[in-house]
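Under the UniProt record's numbering, think of the first position of the sequence shown as 1, with each following residue one higher.
Where a beta carbon is used, it is the ideal one built from N, C-alpha and C, also for glycine.
Quick caveat, the model's predicted, so the values are computed rather than measured.
Below is one structure, written out as structure tokens, with a few remarks after it.
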Amino acid sequence: MPSERWREQYETGLEPIDAQHRGLFEALDRLAGALGSAAEGRRDESRVDEELAFIVQHIIRHCQTEESLMKEMGFPGRLAHAEQHLELIHQARDLQYRRLKGQRVDLEVVAFLGAWLDHHICESDLAYVAYLKDHRSA
């Protein structure tokens with residue numbers, strides 16, 4: 001079962017952002033647990049749906065938080081960053097839609113979301129955080 005863990009490299013130094021990122025990784029671990037119990041023949045589909053719904057809502061709130069910070073500080077890459085967020089929200093919502101249609105969601109979903117977050121935090125988020133820190137001190 002994949003495990004999506006918080007890593008020190010994800011630290012931005014902005015506690016609200018770091019707390020939300022940690023919350024996303026914790027939610028992915030809970031989803032992995034709910035999905036992994038299927039291998040033991042005791043998958044709780046309602047728990048899978050609950051964890052997936054929590055992740056989608058957490059992603060939306062988190063993206064709103066980041067985009068508000070970027071707008072407030074005049075981050076020039078804000079629109080491109082927001083497009084990345086929108087792509088993730090659409091993919092997460094699609095997972096929910098597929099579940100509503102009765103399709104199974106497997107552990108690959110956890111791996112995909114974890115890899116997306118890893119790349120996004122390390123590339124995009126750390127870039128805007130550096131900009132914010134530079135402009136807050138200026």
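Secondary structure within the UniProt domain "Hemerythrin-like" (13-130): the alpha helix (DSSP H) runs of 4 or more consecutive residues, fully enclosed, are 15-36, 45-73, 78-100, 107-119 (chain order). The stretch 117-128 makes contact with the stretch 18-28; the number of CB pairs closer than 8 Å reaches 3 or more. Between Val110 and Leu95, the CB-CB gap reaches or exceeds 8 Å. A contact is defined here as three or more CB-CB pairs under 8 Å, and the stretch 130-137 meets this definition with respect to the stretch 66-81. The beta-carbon separation of Leu28 and Val48, rounded to 13 Å, does not stay under the 8 Å limit for a contact. Closest by C-alpha distance to Arg104, out of Glu11, Ile59, Leu52, is Leu52. Distance check between Gln91 and each of Ser68, Gln9, Ile55, Asp44 places Ile55 closest, using alpha-carbon atoms only. For Leu14, the CB contacts under 8 Å within the same chain, skipping 5 residues up- and downstream, are Leu69, Val129, Leu132 in chain order.
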